[in-house]
Amino acid sequence: MSTLTEHRKSEPLRFTLEQQAKLKELFHAEITPAENGLVRVTPGSRAGAVVLDGDHVVVEPKVPLPRIVHMLTVAVCPLDWRTAEVKGLQAVSIEDAVVQLFTRSCQQAFAGGVYRSYRTEEQRLAFVRGRIRIGEYLRDPRPLPVPVTATVHDEDVAENQVLAAAVQKIRLLPGLPDGTRAELARVWQVVGEVTPLAGDVALDECRRIVWSRHNSHYQAPVRLAELILDSSSLKVTAGKVQVPGFILDMPRIVEQYVRVLVRDALGASEHDMRDSWTGALWLDEGRRVQLIPDLGMRRAGRWCFVGDVKYKVNAGPDDQAGAGRREDLYQLLAYVTETGLDEGTLIYASDRAGEVAHTVRGTGERLRVISVNLGAEDCDRQVMSAVLAGRQRPPSC
19 MSTLTEHRKS EPLRFTLEQQ AKLKELFHAE ITPAENGLVR VTPGSRAGAV VLDGDHVVVE
79 PKVPLPRIVH MLTVAVCPLD WRTAEVKGLQ AVSIEDAVVQ LFTRSCQQAF AGGVYRSYRT
139 EEQRLAFVRG RIRIGEYLRD PRPLPVPVTA TVHDEDVAEN QVLAAAVQKI RLLPGLPDGT
199 RAELARVWQV VGEVTPLAGD VALDECRRIV WSRHNSHYQA PVRLAELILD SSSLKVTAGK
259 VQVPGFILDM PRIVEQYVRV LVRDALGASE HDMRDSWTGA LWLDEGRRVQ LIPDLGMRRA
319 GRWCFVGDVK YKVNAGPDDQ AGAGRREDLY QLLAYVTETG LDEGTLIYAS DRAGEVAHTV
379 RGTGERLRVI SVNLGAEDCD RQVMSAVLAG RQRPPSC
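Its first residue numbered 19, the sequence shown is counted upward by one per residue in my numbering.
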């Protein structure tokens with residue numbers, strides 16, 4: 019097994035050219051030559067484990083694993099699930115942590131009853147149930163079986179199907195402890211008989227589920243299933259094959275983690291502060307240059323908050339004092355100008371805490387640059403306190 023660390027150059031290792039190409043594709047890795055035909059690998063902002071031509075490769079995150087677990091529960095799971103289900107969780111790797119979170123959330127959902135619902139199904143029966151498909155019945159000279167369209171009430175619904183698809187994806191991952199595999203097996207005993215879905219189809223089903231009071235107890239496991247299916251479906255362009263494994267895109271996890279905390283701080287709903295503002299902001303009159311802030315809050319047609327999240331693991335020469343990168347500040351200024359606010363917030367998720375505010379000449383707009391330490395136990399408080407300390411919200415919000 020080869021163990022690498024996110025954004026850290028490795029010791030000299032031996033990888034084939036094909037494996038190097040897959041590392042570049044999957045982990046955005048930089049490969050530099052070393053002595054005796056070996057190479058040094060510097061992974062990008064992705065962490066996880068894959069099997070490359072029989073070799074088990076693990077990329078560990080720079081943020082401590084307990085903090086990753088916390089960010090995942092905040093980013094992926096409902097607010098009332100965060101503490102109780104994480105307490106006592108002991109994971110040996112990032113994929114083990116995600117699988118344990120998934121199995122615990124499944125068991126909690128099943129405790130409230132395995133979800134059943136009504137669905138329409140085409141059947142051929144020895145008796146009539148539901149509505150006869152007349153056209154098909156007339157084309158078949160046999161009196162039985164009768165083609166019907168019936169309404170059934172059972173467990174073979176999208177919510178259970180996506181859980182089953184997630185279990186199928188991860189139960190053969192290398193490196194999972196026996197205890198974690200046993201928990202997966204218990205989940206499979208519940209959902210293993212539903213109609214199987216391919217990974218891409220299951221991922222689409224996750225995003226189409228409409229939540230109500232009937233299925234809300236499934237929300238946490240389905241969101242984690244979506245994370246698993248999304249993280250397990252990366253395809254390697256260089257090799258034209260799908261690589262088994264589990265990979266987390268750290269910037270996406272951090273962005274959603276911060277977004278949930280900002281929602282909490284501002285008292286915003288998911289409608290007020292959407293996961294994506296695609297199509298809502300444009301830089302030009304012709305609507306050719308789109309602006310998509312990571313953080314945006316709008317109520318009654320008025321923007322109340324705008325900002326961006328940057329996952330910054332290495333400080334550059336422009337931001338040694340936490341003042342922010344020039345290109346990030348230019349981007350934030352465009353958001354502030356278009357939304358009509360007098361302040362924007364740029365949140366750097368890194369390994370230190372601090373704040374710097376820039377006042378734009380001629381307009382007086384403020385660009386707040388907040389750095390939060392992802393490895394700190396009080397990271398949640400850092401984010402929420404910094405947001406509340408701003409003067410961005412107009413009274414109407």
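The beta carbon of each residue, even a glycine, is placed where N, CA and C say it ideally should be.
This structure is a prediction, so every number in the text was calculated from the model and none was measured.
Contact between Gly325 and Asp312 holds, with the beta-carbon distance rounding to 7 Å and staying under 8 Å. Spatial neighbours of Glu29 in its own chain (CB-CB distance under 8 Å, excluding positions within 5 residues in sequence) are listed in chain order as Arg58.
Glu201 and Gln207 have their C-alpha atoms some 10 Å from each other. Sixteen is the threshold: since fewer than 16 other Cβ atoms of the shown chains lie within 10 Å of the Cβ of Trp300, the residue is exposed. Gly197 sits away from His74, with the two beta carbons spaced by 8 Å or more. Annotation for Ser249: the continuous alpha helix (DSSP H) segment containing it runs 237 to 249. Residue pairing by DSSP places Leu266 opposite Ala65 in a beta bridge. For Asn391, the pairing in a beta bridge is given by DSSP as Ser368. Residue burial is scored here from C-beta neighbours: Asp396 has fewer than 16 other C-beta atoms within 10 angstroms and is therefore classed as exposed. Trp295 is positioned such that its CB atom lies no closer than 8 Å to that of Ile271. The Cβ neighbour count for His88, taken over all protein chains shown within 10 Å, is at least 16; the residue is labelled buried. The stretch 80 to 87 makes no contact with the stretch 222 to 240, as fewer than three CB pairs between them are under 8 Å. Taking the C-beta atoms as reference points, Val401 is found no nearer than 8 Å to Gly340. When the alpha-carbon of Leu162 is set against those of His171, Thr169, Ile150, the nearest one is in Ile150.
For Arg199, the enclosing alpha helix (DSSP H) stretches over residues 196 to 209. Residue range 20 to 23 is occupied by the beta strand (DSSP E) that includes Ser20. Within the same chain, Val327, Ile365, Ala367, Val401 come within 7 Å of Val276 by CB-CB distance, once the 5 residues on both sides are set aside. Short of 6 Å from the beta carbon of Gly314, and not among the five residues preceding or following it, lie these beta carbons of its own chain, in chain order: Trp295, Val324.
Taking C-beta separations shorter than 6 Å and ignoring five residues to either side along the sequence, Ser403 has no partners in its chain. When Pro195, Thr50, Gly72, Val110 are compared, the shortest CA-CA separation from Glu78 is found for Val110. Note: Asp293 is not bridge-paired with any residue in the DSSP secondary-structure output.
In the three-state DSSP reduction, Arg85 falls in the helix class (H, G or I). In the displayed model, Gln108 falls within coil according to three-state DSSP, outside both helix and strand. Shown here for Val94: same chain residues with a beta carbon closer than 7 Å to its own, the five before and five after excluded, namely Arg241, Leu242, Leu245 in chain order.
Using a C-beta cut-off of 8 Å, the stretch 37 to 46 makes contact with the stretch 63 to 70, since at least three inter-stretch Cβ pairs fall below that distance. Ala176 places its beta carbon 8 Å or farther from that of Ile112. Between the C-alpha atoms of Ala394 and Asp282 there is a straight-line separation of about 19 Å.
The alpha-carbon of Ala216 is positioned some 15 Å away from that of Val209. Between the alpha carbons of Asp172 and Pro239 lies a distance of about 19 Å. Of the candidates Leu31, Ala39, Glu36, the residue whose Cα lies closest to the Cα of Gly55 is Leu31.
Val324: member of the beta strand (DSSP E) spanning 320 to 329, first to last residue. Under the criterion of beta carbons closer than 8 Å, Tyr329 and Pro269 qualify as touching, at roughly 4 Å. A Cβ-Cβ distance of about 15 Å is found for the pair Glu383 and Asp346, leaving them out of contact under the 8 Å criterion. Residue state for Gly314 is assigned as strand, using DSSP reduced to three classes.
CA-to-CA, the gap between Asp290 and Cys322 works out to about 9 Å.
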